[in-house]
Amino acid sequence: MTIREIAIAKLQQLPESFLPEVSEFIDFVIQKHQSKIADARIPDDMAKAWAQWFEEVDRLEVTTNEPESEFKLQ
């Protein structure tokens with residue numbers, strides 16, 4: 082039996098009047114951990130964005146800035 086199945090079995094044993102409190106607690110736990118989940122995703126997303134940027138930069142054509150005329154300052 083998984084922890085999810087155990088938790089669901091416990092929920093099913095509770096009286097209906099306890100469920101609002103349990104639901105509020107579940108909301109609290111989700112909110113508490115959402116910022117950690119979001120923070121964990123940022124570096125991965127950021128790493129992908131930087132990798133894509135470097136790949137695009139590597140494909141850019143590099144040109145030299147040679148003067149178009151033979152004029153030279155003396």
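Heads up, the numbering used here is the position in the sequence shown plus 81, with the first residue counted as 1.
Using N, Cα and C, we set each Cβ at its ideal position, and we do this for glycine too.
In this text the structure is predicted, and so the values were computed from the model without any measurement.
Secondary structure of Val143, DSSP reduced to three states: Indexing the sequence shown from 1 puts residue 143 at position 62. Val143: coil per DSSP, three-state reduction.
CA-to-CA distance, Asp125 to Gln94, given in whole angstroms: Numbered from 1 along the sequence shown, position 13 holds the residue referred to as residue 94. Numbered from 1 along the sequence shown, position 44 holds the residue referred to as residue 125. If you take the alpha carbons of Gln94 and Asp125, they lie about 41 Å apart.
Separation of Glu137 from Glu105, as counted between CA atoms: Reading the sequence shown from its first residue, position 24 is the one you call residue 105. Reading the sequence shown from its first residue, position 56 is the one you call residue 137. Their Cα atoms are separated by approximately 47 Å.
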